[in-house]
Each structure stands twice: as C-alpha cells, then as structure tokens.
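*Asks:* To get this note's numbering, take the position in the sequence shown, counting from 1, and add 129. Before I ask anything, here is the structure I am working with.
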Amino acid sequence: MDSILSMIGSYIDWDFKSLLLFMAVFILTADYVKNRRPASFPPGPWAFPIVGNIFTVDHSRGHESLTQLKEKFGDVYSLRMGQSWMVVLNGFEILKEALVTQGDTLADRPFLPLQEDISHGLGIIFSNGNIWKQQRRFALSTLRYFGFGKKSLEPVILDEFTHCAKDFRDNKGKPFNPHLIINNAVSNIICSLVFGHRFEYSNEKFMKLMKLFDKGLQIEGSIWAQLYNSFPLLMRRLPGPHQTVQHIWNDVMDFIKVEIKEHKQNWDPSDQRDYIDCFLKEIQKNKGQADSTFDEEGLVASVLDLFVAGSETTSTTLRWAFLYMAKYPEIQEKVQAEIDRVIGQSRQPSMDDRANLPYTDAVIHEVQRIANIVPLSVPHVITRDIQLGGYTVPKGVTIIPNLTSVLFDKNEWETPNTFNPGHFLNNEGKFVKRAAFIPFSAGKRVCLGENLARMELFLFFTSFMQHFTFSMPAGVKPMMDYRSGLTLAPCPYEICATSR
C-alpha cells in the first residue's frame with residue numbers, strides 16, 4: 130500500500146513539474162510570437178522575454194545609452210519595453226522628417242499608465258485629441274493676453290531678478306547652493322501669470338513644493354516609471370518610488386486646488402486677473418456644451434503642466450550656466466565686457482539689447498545645447514503606419530525623439546562635446562541660430578513655453594552677469610556631471626557669487 134501511495138505521490142509531483150514546464154514554454158513561445166519584429170520593422174537589440182529591453186538600457190544615463198545604440202543599429206531603431214514597442218529616432222534629418230514633415234501623424238502622446246493615473250488624460254502636455262487642441266489653444270491665447278513672450282512681461286522678470294539678487298548678495302560672496310532660490314525666482318514668473326501673484330522665498334510651503342518638483346521629475350525619469358508603464362497592474366500593488374511620485378503630484382495638485390478655491394471666493398467674471406480667472410470664465414461659458422473640455426479637474430491638470438514646465442527647465446538651465454561660467458572664467462569675462470559696453474551698470478537689460486549682445490546670446494544658446502536639459506524630449510505615438518528611415522513603423526508604436534543625438538551630432542557641430550559659444554557665431558562675430566538647435570523639440574508638440582523660456586533666460590542670465598561674478602569655492606573644481614531624471618540637472622553644488 131505504501132509503495133502504491135509513493136508511486137502516486139511521485140506521479141503527481143512529476144505531473145506538477147511537467148505542468149510548470151509546459152506553462153513556462155507556452156508563455157515564452159507566446160511572448161516570442163506576439164512580440165517578434167516584423168521584417169520591415171526597425172532593427173534593435175535582442176529583447177528578453179516578458180520584460181523586453183527594460184534592463185538593457187541604463188536608465189540612470191538613458192540618453193547616453195540610447196545614443197550608443199545608434200552607433201550599432203542606425204538612426205532609426207527599436208526597443209521593446211515590457212509588451213510595447215518603441216522606436217528611437219536619431220539625427221537632425223530623421224527628427225525633422227518625423228516631427229515636422231510627418232508631424233500630423235506624430236501629434237499624439239502614447240498612453241502612459243503613470244501619467245494617466247496622475248492627470249487622467251487631462252492637461253496640456255500628455256493629453257490628446259480634442260482635449261489637447263482646446264487646452265493648448267486656450268493656454269497660448271490666454272498667456273499671450275497676460276504678456277507671455279511679450280515686452281510687457283519684461284518688468285515682471287526684471288523685478289523678480291531684484292528679489293533673487295538680494296538673496297545672492299546676502300551670502301556676501303561665500304559659498305551657497307543656488308538651487309531653491311533660482312527655482313523660486315523662475316517659478317514666480319509663471320506664478321504671476323497663472324496665480325496672479327508671486328511667492329516670497331521664505332514661504333516654507335512654496336519651498337517644499339520646489340523640492341517636490343525636483344524629486345518627482347527624478348523618479349519619473351527612473352526605471353521605476355518604466356516598470357510602472359510596462360506592468361501597471363502589478364506595479365500599482367507594489368510599494369516603491371513609483372508610489373511616492375503619485376503622492377508628490379497629488380500634494381502639488383492640492384496646492385493648486387487651494388489657489389483655485391481662493392480665486393473663486395472673490396472672482397469677478399468682468400475682471401480677469403490671471404490664467405485661473407480666465408479658465409473659470411471659460412468653464413462658465415461652456416457649461417452644458419457636450420464637446421467642452423473645460424472643468425475644474427481640467428483646470429488643475431493644466432495649471433500643473435504650466436507650473437512644472439514653466440519652472441523646471443529654465444531654472445535648471447540657469448544653474449548649469451553658473452557652473453559653466455565658473456568653469457570658464459575667460460568666457461564669463463568676455464560676456465561681462467560685452468554687457469558693460471552695451472548696457473553698462475546704470476540700467477537693467479531689455480530684450481531690445483539681445484541683437485547688440487551676440488556673444489552673450491551665443492553663450493546662453495551653448496549652455497542650452499550642451500546642458501541638454503530634456504535629452505529625450507517627450508514621447509509621441511504614431512496614429513497611422515508611416516515610413517521612417519526606410520522602415521515601416523506601424524500605428525500605435527511609441528516614438529522617442531533623441532534630442533541628444535542632434536545637439537551632440539559631430540556632423541552639425543564643430544566641437545560637439547566642448548563648451549564652445551563659437552557654435553552660434555559667424556566669422557564677423559554675429560549671432561547665428563543653427564537649424565540643429567532644437568532643445569524645445571519641434572513640430573506640433575514643440576514646447577509652448579519656448580518664447581517665455583527664451584525671454585527668461587536672456588534677461589536673468591544677462592542681469593546675473595551684469596551684477597555678479599561666479600566662481601567655485603576655494604580648492605573646489607566644477608563638477609559637470611548630471612543627476613538623471615526627466616530632466617538633466619546638475620548635481621547639487623555650492624558656488625560663490627561676488628558682487629561686481
């Protein structure tokens with residue numbers, strides 16, 4: 130009897146092992162059949178079963194990793210992230226062909242579960258279709274009304290510089306970390322347009338918000354975000370930084386909701402003070418219309434997009450600029466000499482001065498190029514089958530525009546890996562904008578804040594150079610390495626700002 134039971138137990142044991150083996154082979158075979166590359170699809174590295182290339186790419190240096198793959202697989206290649214295919218585009222001509230020539234086909238954003246769980250498909254940056262068209266059009270027209278990219282916004286930026294400069298001077302030339310001060314100063318420009326007021330640098334709640342931005346963008350550029358977007362059902366149930374990032378943006382949205390509530394308490398439809406007031410009027414005007422995308426949830430999402438996009442990239446660029454000026458004091462001196470000659474010390478800079486400050490303008494552009502703030506842009510999705518680089522890319526595939534491959538292309542720039550303002554100057558020393566200078570991306574989804582960012586960078590940088598000389602603390606060399614995330618920010622540093 131015992132021998133019979135033993136045989137049955139052994140049979141069941143092997144039967145279970147056989148079942149597991151069969152399931153494993155079935156899953157791997159099904160994964161291979163479902164996800165194999167079609168013959169005309171762009172080539173790429175071999176992908177692991179189930180997870181694809183998630184662990185092939187170094188997410189801490191994602192743009193470098195993707196640019197290296199270009200050397201092996203060409204300007205158009207594919208990667209598999211989980212169960213989804215994406216195609217990486219490299220080089221100016223391919224990006225121009227995709228984003229501009231075939232821009233209508235790439236005007237949408239892919240479905241990203243992490244973003245969907247945060248903004249629910251609303252807002253400006255990650256929305257699609259009618260929501261995107263209505264919200265982008267409204268944002269551009271409203272912000273232009275309040276001076277977005279216009280000369281009327283100059284005094285707001287220059288006034289903010291005086292607040293920022295006071296904090297810099299308070300350090301009396303001693304080492305300090307400029308991160309939060311610069312973030313606060315730049316954020317106050319978009320705050321004045323969206324909220325109708327600025328925040329003091331001593332405002333603890335606002336300073337906490339600036340720190341949350343920084344942490345949130347860092348996590349969203351990490352492998353955790355990629356895992357969440359590839360396996361949302363699993364990742365929603367697991368602890369980790371991907372859960373933290375949702376709490377961060379919920380805290381920011383709670384801050385925005387308080388601002389909206391305060392606006393509604395003393396709102397006058399006939400007196401439009403800022404973006405929120407205009408949006409509230411639009412909600413009232415479109416009430417009952419079936420195709421309207423204007424409601425309070427949409428307002429929160431749009432303000433979040435404007436708030437983050439209008440703060441992070443410009444402040445990060447300025448922090449890189451301080452580092453490059455400290456690293457290359459001879460370039461800093463040349464900028465200051467040009468500013469002294471054209472503007473002097475008796476008045477503030479103006480956008481009208483830009484044409485007469487070609488070297489200063491070239492330095493600003495070179496900081497943007499080499500700092501490479503948004504190295505992989507924001508992903509697009511193809512809405513119909515298209516041809517790119519001789520390959521067929523089918524509808525529904527995510528497109529990654531590798532801006533790094535353009536901004537560091539040795540065929541476009543004489544010394545791509547060197548900080549060289551001469552990239553933007555002709556033989557007569559006049560400023561020349563290069564076609565391959567696309568830090569704001571291109572096409573229908575080009576950054577809507579480009580004009581504001583260009584104005585802020587010129588006025589802030591010129592004002593800083595007019596009033597301060599930047600240098601590293603004694604015995605410290607500038608560390609030019611970056612801290613990866615959705616944006617490339619400099620590693621935390623201290624610098625000396627000496628009044629001139």
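No residue lacks a Cβ here, since even glycine has one placed at the ideal position from N, Cα and C.
Please classify Y274 as buried or exposed, where buried requires at least 16 other C-beta atoms within 10 Å of its C-beta.
*Replies:* What you label residue 274 is simply residue 145 of the sequence shown in a count that begins at 1. Under this definition Y274 is an exposed residue.
*Asks:* Where do the N-terminal and C-terminal ends of the alpha helix (DSSP H) with I528 fall, by residue?
*Replies:* In the sequence shown, counting from the first residue as 1, residue 528 sits at position 399. First-last for I528: T527 to P530, but that is the beta strand (DSSP E), not the alpha helix (DSSP H).
*Asks:* With a Cβ-Cβ cutoff of 7 Å, do H392 and I377 count as a contact?
*Replies:* Locating residue 392 in the sequence shown gives position 263, where the first residue counts as 1. Locating residue 377 in the sequence shown gives position 248, where the first residue counts as 1. No, the Cβ-Cβ distance between H392 and I377 is not below 7 Å.
*Asks:* Whose CA, out of L287, K301, L243 and F202, lies closest to the CA of R476?
*Replies:* Here residue 476 refers to the residue found at position 347 when the sequence shown is read from its first residue. Per the Cα distances, L287.
*Asks:* According to the neighbour-count rule (16 or more other Cβ atoms, all chains shown, within 10 Å of its Cβ), is S169 buried or exposed?
*Replies:* Along the sequence shown, one-based indexing puts residue 169 at 40. With fewer than 16 Cβ atoms within 10 Å of its Cβ, S169 is classed as exposed.
*Asks:* Please classify T544: does DSSP put it in a helix, a strand, or coil?
*Replies:* On the sequence shown, residue 544 is found 415 positions in, with the first residue counted as 1. Reduced to three states, the DSSP call for T544 is coil.
*Asks:* For R365, which of helix, strand or coil comes out of DSSP?
*Replies:* The residue labelled residue 365 in the question sits at position 236 within the sequence shown. The answer is coil: DSSP assigns R365 none of H, G, I, E or B.
*Asks:* How should S321 be labelled, buried or exposed, when 16 other C-beta atoms within 10 angstroms of its C-beta is the threshold for buried?
*Replies:* Counting from one through the sequence shown, the residue named residue 321 turns up at place 192. Buried, by the Cβ-count rule.
*Asks:* Would DSSP call V605 helix, strand or coil?
*Replies:* Numbered from 1 along the sequence shown, position 476 holds the residue referred to as residue 605. V605: coil per DSSP, three-state reduction.
*Asks:* Buried or exposed: C293, going by 16 or more other Cβ atoms within 10 Å of its Cβ?
*Replies:* Taking the sequence shown and counting its residues from 1, the one referred to as residue 293 is at position 164. Buried: at least 16 other Cβ atoms inside 10 Å.
*Asks:* Pull up the DSSP beta-bridge partners for I179, would you.
*Replies:* Position 50 of the sequence shown, counted from the start, is the residue given in the question as residue 179. Looking at the DSSP assignment, I179 forms no beta bridge with any residue, so it has no partner.
*Asks:* Just to confirm the assignment: which complete alpha helix (DSSP H) runs, minimum length 4, are found wholly within the segment 168-220?
*Replies:* Runs of the alpha helix (DSSP H) inside the segment 168-220: 191-202.
*Asks:* Between the alpha carbons of D610 and P619, how many angstroms are there, rounded?
*Replies:* The sequence position of residue 610 within the sequence shown is 481, counting from 1. The sequence position of residue 619 within the sequence shown is 490, counting from 1. Looking at the two C-alpha atoms, the distance is approximately 6 Å.
*Asks:* Secondary structure at H326, three-state DSSP: helix, strand or coil?
*Replies:* As a working mapping, residue 326 is identified with position 197 in the sequence shown. H326 falls in the coil class under three-state DSSP.
*Asks:* Going by CA-CA distance only, name the one from T442, P602, D469 and G519 that's closest to P568.
*Replies:* To locate residue 568, count along the sequence shown from 1; it is residue 439. Measuring from the Cα of P568, the nearest candidate turns out to be T442.
*Asks:* With a threshold of 8 Å, are at least 3 pairs of Cβ atoms found where one atom belongs to the segment 583-599 and the other to the segment 453-472?
*Replies:* Touching, yes.
*Asks:* With DSSP as the reference, label P307 as helix, strand or coil.
*Replies:* The residue labelled residue 307 in the question sits at position 178 within the sequence shown. Looking at P307 - three-state DSSP - the assignment turns out to be coil, as it is neither helix nor strand.
*Asks:* So, at 8 Å on beta carbons, what are the nonlocal neighbours of T445 in its own chain, with the 5 sequence-adjacent residues on each side left out?
*Replies:* Residue 445 sits at position 316 when you count from the first residue of the sequence shown. These residues qualify, in order along the chain: A500, I502, T616, L617, A618 and P619.
*Asks:* Please state whether DSSP places C620 in a helix, a strand or coil.
*Replies:* As a first step, residue 620 is located in the sequence shown; it is residue number 491 there, counting from the start. Coil, per DSSP.
*Asks:* What is the C-beta distance between T527 and P239, in whole angstroms, given that I count them as a contact (C-beta under 8 Å)?
*Replies:* Within the sequence shown, numbered from 1, the residue matching residue 527 stands at position 398. Within the sequence shown, numbered from 1, the residue matching residue 239 stands at position 110. So it is a contact: roughly 4 Å between Cβ atoms.
*Asks:* Just tell me which of L452, M454, T489 and P458 has its CA closest to the CA of D637.
*Replies:* In the structure as shown, the chain begins at 130 and stops at 629. Residue 637 is therefore absent and cannot be evaluated.
*Asks:* Could you have a look at D237 and say whether DSSP puts it in helix, strand or coil?
*Replies:* For this step, residue 237 is matched to residue 108 along the sequence shown. Strand at D237.
*Asks:* Quickly, what does DSSP pair I515 with across the bridge? List them, please.
*Replies:* Position 386 of the sequence shown, counted from the start, is the residue given in the question as residue 515. Answer is V522, bridged to I515.
*Asks:* Looking at the secondary structure, which residues open and close the alpha helix (DSSP H) in which S248 lies?
*Replies:* Reading the sequence shown from its first residue, position 119 is the one you call residue 248. First-last of the alpha helix (DSSP H) with S248: P242 to S248.
*Asks:* Between Y206 and D299, what straight-line distance do the alpha-carbon atoms span, to the nearest angstrom?
*Replies:* Residue 206 sits at position 77 when you count from the first residue of the sequence shown. Residue 299 sits at position 170 when you count from the first residue of the sequence shown. In a straight line, the C-alpha of Y206 is about 52 Å away from that of D299.
*Asks:* Which of the three DSSP states, helix, strand or coil, is assigned to Y357?
*Replies:* By 1-based counting over the sequence shown, the position of residue 357 is 228. Looking at Y357 - three-state DSSP - the assignment turns out to be helix.
*Asks:* Tell me where the beta strand (DSSP E) around F537 begins and ends.
*Replies:* Numbered from its first residue, the sequence shown carries residue 537 at position 408. From DSSP, F537 is part of no beta strand (DSSP E); its letter is neither H nor E.
*Asks:* If you run the structure through DSSP and keep just helix, strand and coil, what is F599?
*Replies:* As a first step, residue 599 must be located in the sequence shown, where it is residue number 470. In this structure, F599 counts as strand in the three-state DSSP scheme.
*Asks:* For L208, is the classification buried or exposed, using 16 other Cβ atoms within 10 angstroms of its Cβ as the cut-off for buried?
*Replies:* Counted from its first residue, the sequence shown places residue 208 at position 79. Burial call: buried.
*Asks:* Between the alpha carbons of S256 and I624, how many angstroms are there, rounded?
*Replies:* Within the sequence shown, residue 256 is the residue found at index 127, counting from 1. Within the sequence shown, residue 624 is the residue found at index 495, counting from 1. Spanning the two alpha carbons is a distance of roughly 39 Å.
*Asks:* Mind checking A430: buried by the 16 CB within 10 Å criterion, or exposed?
*Replies:* Sequence index remark: in the sequence shown, residue 430 carries index 301 (1-based). So A430 ends up on the buried side.
*Asks:* Roughly how many angstroms lie between the CA atoms of E200 and E222, to the nearest whole one?
*Replies:* Translated into positions along the sequence shown, residue 200 becomes position 71. Translated into positions along the sequence shown, residue 222 becomes position 93. Approximately 16 Å, taken between the alpha carbons.
*Asks:* Where does F335 sit, in a helix, a strand or coil, going by DSSP?
*Replies:* Sequence index remark: in the sequence shown, residue 335 carries index 206 (1-based). Correct three-state label for F335: helix.
*Asks:* Got a sec, what are the start and stop residues for the alpha helix (DSSP H) A626 sits in?
*Replies:* Translated into positions along the sequence shown, residue 626 becomes position 497. A626 -> not in any alpha helix (DSSP H); beta strand (DSSP E) instead, spanning C625 to S628.
*Asks:* What three-state label does DSSP hand Y611 in the structure shown?
*Replies:* Within the sequence shown, numbered from 1, the residue matching residue 611 stands at position 482. Three-state DSSP puts Y611 in a strand.
*Asks:* Could you check where the alpha helix (DSSP H) with C407 kicks off and where it finishes?
*Replies:* Within the sequence shown, the letter at position 278 stands for residue 407. Run containing C407: Y404 to K414, per the alpha helix (DSSP H) assignment.
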